[in-house]
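Enquirer: One point on numbering: in UniProt numbering, the residue at position 23 of the sequence shown is 23, and numbering is uninterrupted. Note that the Cβ used here is the ideal one computed from N, Cα and C, for glycine as well.
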Amino acid sequence: MLKALREDGFKVTCFERRQQVGGLWAYTPDPSMTTALPSTTALISKYTCGMSDYPMPDKYPSHLTSSQFQEFMESYARHFDLLKDVVFGASVTAAARNEDDTKWRLEMSVDGKGRIEEFDKVAFCHGYQTEARMPSYEGQESFEGILMHAQQFRNAEDFRGKNVIMVGMSSTVSDIINNILPVASKVYMSHRRGGYIIKTWLKGSPADLSVTWRRRQIGAFMQKYLPRLHRWGADTSLKFLMRHSWGKLDPQWRIEPSHSALLSLPGASNSLIPLLKEGKISSLHGIKRFTGPRSVEFTDGTTLDDIDAVICGTGYSANLSVASSFLEHSRPPNYSGPELTRMWMNVFPPKYADSMALLCFSAYGKNNGFSFNDVQAMAVSNIFRGVHPLPPLKTMNAHIDAHHEWLAQRWRIDPLGFQPSSVKTWEFQDFLHDAAGTGMENLGWGWKGWKFFFADPKMSWMMNNGVETAHAFRYFETGKRRTWEGAREAIIKANEAVKIYPLKEKEGKVE
Ligand SMILES: Cc1cc2nc3c(=O)[nH]c(=O)nc-3n(C[C@H](O)[C@H](O)[C@H](O)COP(=O)(O)OP(=O)(O)OC[C@H]3O[C@@H](n4cnc5c(N)ncnc54)[C@H](O)[C@@H]3O)c2cc1C
Ligand SMILES: NC(=O)c1ccc[n+]([C@@H]2O[C@H](COP(=O)([O-])OP(=O)(O)OC[C@H]3O[C@@H](n4cnc5c(N)ncnc54)[C@H](OP(=O)(O)O)[C@@H]3O)[C@@H](O)[C@H]2O)c1
């Protein structure tokens with residue numbers, strides 16, 4: 001965001017509470033911050049998660065470790081000379097309009113000292129996995145063991161010789177289990193329902209390589225016009241994928257049936273199911289309550305009386321408290337789920353859409369966590385500088401009301417997994433690409449798509465059906481954002497590089 005805004009002529013300052021760039025990929029021992037662990041490896045491959053005008057160096061393996069990611073972001077920041085505009089050790093605590101409602105007043109703590117500064121425009125990019133989502137249980141005060149959220153986990157040694165329950169069945173749980181398994185006495189995985197668990201490798205290739213721009217467009221078309229068929233198709237494909245990846249699953253593990261992957265995202269783990277199969281971890285029902293200093297009762301009525309630690313890998317949410325002075329909330333009719341935040345396109349508080357963007361809300365609707373940030377940044381910058389027009393306030397509010405009604409329908413189907421930051425992918429992506437001016441309509445089925453196809457069939461095919469690299473976002477000249485002269489070569493290179501796949505799979509491991 002800093003780079004995009006600066007490139008478009010803004011004078012920008014970035015406040016970062018850590019001491020280095022890289023976001024949650026910059027490991028911190030501070031247990032109040034979400035961090036990737038030293039053992040964390042990216043779920044998506046380097047081919048699909050580079051930045052639009054800064055390719056991944058060849059030296060990295062297919063899936064980067066957290067320290068490699070931090071290094072990549074650091075090199076990006078140095079390459080574009082961004083560090084000079086970053087204030088490290090600066091934690092923003094609140095944003096509000098100044099007295100005459102002309103500027104944004106930011107309150108922050110810089111190296112422990114309070115500071116207030118005023119700005120014309122503000123973009124919050126402080127992560128959508130900032131706040132730990134911690135369940136509360138009946139009787140938990142009677143438990144004398146460790147009860148914590150995964151956000152606080154740092155050191156496996158703290159669990160040496162202990163009987164540990166991990167709550168949840170997703171990537172964080174998998175990450176922590178892999179850390180503690182060699183030292184813990186017994187490890188359980190407690191999950192309240194089933195869910196898809198997908199591998200990061202598919203038939204010897206990084207799984208994300210199977211998603212192409214064209215497939216994504218077909219999915220978006222179906223989601224828009226044939227939502228039920230799309231949900232059925234997506235869930236049926238995932239069921240086949242589960243069967244293909246893992247073979248027969250023991251019904252006692254209750255991994256199947258899963259809730260729909262279109263209502264809450266599937267987890268990714270290469271190890272959870274093999275560990276269940278090998279008997280190295282055991283599956284438990286959801287926790288009902290704590291019944292004593294070391295006792296936990298589960299929803300199926302069983303009780304364990306020798307538990308030393310419970311770690312909740314129950315996910316994260318955004319921290320919108322910094323925006324509490326101006327964010328509005330509402331509830332649609334016949335809906336009693338959590339209050340819904342009024343943000344147009346999940347990003348802009350409608351009244352201040354030309355000067356405030358909150359990119360810390362939506363984990364959904366992105367094609368992947370990294371490169372899509374580039375598209376968002378270009379879109380916000382174009383809106384802030386007036387290159388892309390905003391609809392009238394009334395239209396934005398009507399859109400939010402309709403969106404909340406759509407959210408309410410999802411909540412009615414799956415209140416347990418309900419994610420208030422969900423978006424209609426087709427709408428969200430179309431809007432952001434249009435605002436960013438990426439020119440991706442040149443890969444579509446309209447006249448522009450055909451024109452590009454006839455002018456450069458090889459490139460059109462590669463961009464539609466080959467590796468989904470972020471360099472495509474800087475390929476087409478649209479006049480709305482800067483193109484990158486290296487984009488063509490980088491797209492061709494990425495497609496050449498993946499020709500080494502599929503690799504051989506041996507005993508479940510990819511070689
Ligand atoms: C353990 C883990 C692994 C993940 N793995 C993947 C993956 O493999 N693939 C994928 O696509 N996505 C993954 N994700 C999703 C992840 O959100 C993205 O990878 C990416 O980090 C999002 O970038 P971001 O800049 O939006 O947020 P973050 O990386 O969270 O960065 C936000 C930054 O804001 C700072 N900050 C927060 N609050 C304040 C404040 N009040 N004042 C000042 N600074 C503040 C934080 O210190 C941090 O540096 C993972 C998430 C987690 C939790
Ligand atoms: N690269 C990596 O290796 C890596 C590692 C860690 C995390 N990540 C990423 O980080 C993000 C967060 O992942 P995450 O695993 O922390 O969270 P998550 O994907 O949101 O999963 C949370 C898990 O907790 C369960 N859960 C939620 N609330 C619960 C409750 N009250 N009681 C019991 N179970 C509950 C959920 O299942 P139900 O709601 O279905 O019951 C789910 O299994 C994801 O984007 C993930 O991909 C990546």
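(1) What are the partner residues of residue 163, as DSSP defines its beta bridges?
(2) Taking buried to mean at least 16 other C-beta atoms within 10 Å of its own C-beta, is residue 323 buried or exposed?
(3) In whole angstroms, give me the CA-to-CA distance for residue 487 and residue 279.
(4) Please state whether the Cβ-Cβ distance between residue 498 and residue 467 is less than 8 Å.
(5) On the criterion of 16 or more Cβ atoms from any shown chain inside 10 Å, does residue 326 qualify as buried, or is it exposed?
(6) Which residue from 212, 277, 199 and 148 puts its Cα closest to that of residue 463?
(7) Does DSSP put residue 454 in a helix, in a strand, or in coil?
(8) Are three or more beta carbon pairs between the region 285 to 294 and the region 137 to 145 nearer than 8 Å?
(9) Grab the span of the alpha helix (DSSP H) containing residue 536 for me, first residue to last.
(10) List the endpoints of the continuous beta strand (DSSP E) containing residue 289.
(11) Buried or exposed: which applies to residue 121, given that a residue is buried once 16 or more other Cβ atoms fall within 10 Å of its Cβ?
(12) Using the three-state DSSP reduction, which class does residue 138 fall into: helix, strand or coil?
(13) Tell me whether residue 511 sits in a helix, a strand or coil according to DSSP, three-state version.
(14) Pull the bridge partners of residue 122 from the DSSP assignment, please.
(15) Note down the Cα distance separating residue 164 from residue 267, rounded to an integer number of angstroms.
(16) At a threshold of 7 Å, does residue 175 count as lining ligand 2 (C-beta to nearest heavy atom)?
(17) Going by DSSP in three states, residue 251 sits in which element: helix, strand or coil?
(18) Rounded to whole angstroms, what is the Cα-Cα separation between residue 132 and residue 362?
(19) Between residue 378 and residue 437, is the Cβ-Cβ spacing less than 8 Å?
(20) Distance, Cα to Cα, residue 304 vs residue 57?
(21) Please go through the same chain and pick out, in chain order, the residues whose beta-carbon is closer than 6 Å to the beta-carbon of residue 146, but skip the five residues on each side of it.
(22) With H, G and I counted as helix, E and B as strand and the rest as coil, what does DSSP make of residue 310?
(23) Using the Cα positions of residue 380 and residue 435, report the straight-line distance between them to the nearest angstrom.
(24) Helix or strand or just coil, what does DSSP make of residue 106?
(25) Does residue 237 come out as helix, strand or coil in the three-state DSSP assignment?
(26) Whole angstroms is fine: what's the gap from residue 336's alpha carbon to residue 414's?
(27) Give the straight-line distance between the Cα atoms of residue 457 and residue 465, rounded to the nearest whole angstrom.
(28) Closer than 7 Å to a non-hydrogen atom of ligand 2 - does that hold for the CB of residue 139?
(29) Would you list the one or two residues that DSSP bridges to residue 341?
Expert: A quick look at the data gives this:
(1) As a first step, residue 163 is located in the sequence shown; it is residue number 163 there, counting from the start. Paired residues: 186.
(2) Here the question's residue 323 lines up with position 323 in the sequence shown. Residue environment analysis places residue 323 among the buried positions, since at least 16 neighbouring C-beta atoms fall within 10 angstroms of its C-beta.
(3) Position 487 of the sequence shown, counted from the first residue, corresponds to residue 487. Position 279 of the sequence shown, counted from the first residue, corresponds to residue 279. Taking the straight line from one Cα to the other gives about 48 Å.
(4) By 1-based counting over the sequence shown, the position of residue 498 is 498. By 1-based counting over the sequence shown, the position of residue 467 is 467. Yes, the pair counts as a contact, with Cβ atoms nearer than the cut-off.
(5) Locating residue 326 in the sequence shown gives position 326, where the first residue counts as 1. By the 16-neighbour rule on beta-carbons within 10 angstroms, residue 326 is exposed.
(6) For the purposes of this step, residue 463 is taken as the residue at position 463 of the sequence shown. Closest by alpha carbon: 212.
(7) One-based indexing of the sequence shown puts residue 454 at position 454. The DSSP-derived three-state label of residue 454 is helix.
(8) Segments in contact, yes.
(9) Residue coverage of the chain in this structure runs from 1 to 511, which leaves residue 536 outside it and unanswerable.
(10) By 1-based counting over the sequence shown, the position of residue 289 is 289. DSSP places residue 289 in the uninterrupted beta strand (DSSP E) bounded by 287 to 292.
(11) Taking the sequence shown and counting its residues from 1, the one referred to as residue 121 is at position 121. Answer is buried; the Cβ neighbour count reaches 16.
(12) As a working note, residue 138 is residue 138 in the sequence shown. DSSP places residue 138 in strand when its eight states are reduced to three.
(13) Your numbering for residue 511 matches position 511 in the sequence shown. Since pLDDT at residue 511 reaches only 44, below the 50 mark, its modelled position is unreliable, and no value is offered.
(14) The count along the sequence shown starts at 1 and reaches residue 122 at position 122. In the DSSP secondary-structure assignment, residue 122 is bridged to 356.
(15) Residue mapping note: residue 164 aligns to position 164 of the sequence shown, counting from 1. Residue mapping note: residue 267 aligns to position 267 of the sequence shown, counting from 1. Distance between the alpha carbons of residue 164 and residue 267: 21 Å.
(16) On the sequence shown, residue 175 is found 175 positions in, with the first residue counted as 1. Yes, Cβ of residue 175 sits closer than 7 Å to a heavy atom of ligand 2.
(17) Locating residue 251 in the sequence shown gives position 251, where the first residue counts as 1. In the structure shown, residue 251 sits in a helix (DSSP, three-state: H, G or I).
(18) Your numbering for residue 132 matches position 132 in the sequence shown. Your numbering for residue 362 matches position 362 in the sequence shown. Distance between the alpha carbons of residue 132 and residue 362 is about 16 Å.
(19) Here residue 378 corresponds to residue number 378 of the sequence shown, with the count starting at 1. Here residue 437 corresponds to residue number 437 of the sequence shown, with the count starting at 1. The Cβ-Cβ distance between residue 378 and residue 437 falls below 8 Å.
(20) What you label residue 304 is simply residue 304 of the sequence shown in a count that begins at 1. What you label residue 57 is simply residue 57 of the sequence shown in a count that begins at 1. Looking at the backbone, the Cα of residue 304 and that of residue 57 are separated by about 49 Å.
(21) Translated into the one-based positions of the sequence shown, residue 146 becomes position 146. Contacts found: 309.
(22) Taking the first residue of the sequence shown as position 1, residue 310 is located at position 310. Here residue 310 carries a strand assignment [DSSP, helix/strand/coil].
(23) What you label residue 380 is simply residue 380 of the sequence shown in a count that begins at 1. What you label residue 435 is simply residue 435 of the sequence shown in a count that begins at 1. For residue 380 and residue 435, the distance between alpha carbons rounds to 8 Å.
(24) By one-based count along the sequence shown, residue 106 stands at place 106. The answer is strand: DSSP assigns residue 106 an E or B state.
(25) Locating residue 237 in the sequence shown gives position 237, counting from the first residue. Residue 237 falls in the helix class under three-state DSSP.
(26) In the sequence shown, residue 336 corresponds to position 336, counting from 1. In the sequence shown, residue 414 corresponds to position 414, counting from 1. Here the alpha carbon of residue 336 sits roughly 13 Å from the alpha carbon of residue 414.
(27) As a position in the sequence shown, residue 457 is number 457, starting the count at 1. As a position in the sequence shown, residue 465 is number 465, starting the count at 1. When rounded, the distance between both Cα atoms is 12 Å.
(28) To locate residue 139, count along the sequence shown from 1; it is residue 139. Every heavy atom of ligand 2 is 7 Å or more from the Cβ of residue 139, so no.
(29) The sequence position of residue 341 within the sequence shown is 341, counting from 1. DSSP lists 329 as the bridge partner or partners of residue 341.
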